[in-house]
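In this note's numbering, the protein residues as written are 1238 to 1585.
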């Protein structure tokens, strides 16, 4: 892609998200989301592969549907209350419509069905943008409007997302689909705690971005898109393989890694709110995710490639890709747990 075109598209991505962040008016927020969607579509379709074009079409249709629902909900609320202000969402129908549309935007269950299919059709860099940056604007709107929404609806969305995100990833062999289900599960953790401690939602989002970025950048460096090609990584780069196994365990939420921190604090907050059954279901759903992350760790670090891999081995050439970002994100994904007391003092 032409670098000038790429610069314009990436600037538009930034502009759309910033516009949504800064707006308190539904029309401005809708405009930011639309700029965001239109900016990423050329990035998704740039390879002119039928699968990429199919993924782009699916993404466009779901995002356009969600944007139309948001506009309809904002108009309905303005009709009833006489204001377009986000904080003044008094109509329960408009509230439910907005949350449903934003859940469709970020791929929360049961509106998640587009997410694995779309991510599977993209290259790893665009997949990384879709899994991290594209979640920011809708989540900002969810955080702003969550106080007016029924707690039962938010709890249902959160529980369904964590369960389906864990369950759906069990049977997958494609790494991008596994990361898509991982994303759905993590979104569930963010939504479940939103009504009780919004600061923990932001903490979970930040750690999710660190861990997912490290995972995607590693797969890009290894040129791996399937589980069985991961088995060649150990012989090519033992250090990268070991650090990636730790990043995956951090995604699963095992101590003493960064991913344990938001899960621990969320479960603690749910228990404080007298929701022990919800906390138990969330903890058990995290075990489902742990299983498929351990599958990836096993394929990457505990198998010897020539004996078990039926696919053609890639050439072992030295890569020209920069790995500074990968190193930064991996460090953040592995070593932030000791900061928990400082973060707790900031969030309470």
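Glycine included, each C-beta is placed from N, C-alpha and C at the ideal position.
Query                                                                                                      : Result
Cβ pair residue 1477, residue 1458 closer than 8 angstroms                                                 : yes
For residue 1283, the three-state DSSP class (helix, strand or coil)                                       : coil
For residue 1262: DSSP bridge partner residues                                                             : 1322
Residue from 1409, 1522 and 1317 with nearest C-alpha to residue 1331                                      : 1317
Where residue 1409 falls: helix, strand or coil (DSSP)                                                     : coil
Of the listed residues 1407, 1410, 1415 and 1432, nearest to residue 1389 (C-alpha basis)                  : 1432
Unbroken stretches of the beta strand (DSSP E), 3 residues or longer, contained in the segment 1420-1473   : none
Counted within 10 angstroms of its Cβ, other Cβ atoms place residue 1448 as buried (16 or more) or exposed : buried
Beta-carbon proximity check, residue 1485 vs residue 1413, cutoff 8 angstroms                              : no
Residue 1559 beta carbon near the ligand SAH (any heavy atom closer than 7 angstroms)                      : Among the components modelled here there is no ligand, and therefore nothing to report on the ligand SAH.
Rounded straight-line distance, which links the Cα of residue 1496 to that of residue 1527                 : 12 angstroms
For residue 1392, the nearest candidate out of 1503, 1247 and 1580 (CA to CA)                              : 1503
First through last residue of the alpha helix (DSSP H) which encompasses residue 1526                      : 1513-1538
Limits of the unbroken alpha helix (DSSP H) element including residue 1332                                 : 1329-1343
Option nearest residue 1539 by Cα separation, candidates 1479, 1411, 1514 and 1416                         : 1479
Cα-Cα separation between residue 1281 and residue 1511, rounded to whole angstroms                         : 44 angstroms
Three-state class that DSSP yields for residue 1495 in the structure shown                                 : coil
Cα-Cα separation, residue 1536 to residue 1455                                                             : 15 angstroms
Where residue 1310 falls: helix, strand or coil (DSSP)                                                     : helix
Straight-line gap, residue 1507 to residue 1295 (C-alpha atoms, nearest Å)                                 : 36 angstroms
Among 1581, 1345 and 1259, nearest to residue 1436 - alpha-carbon criterion                                : 1581
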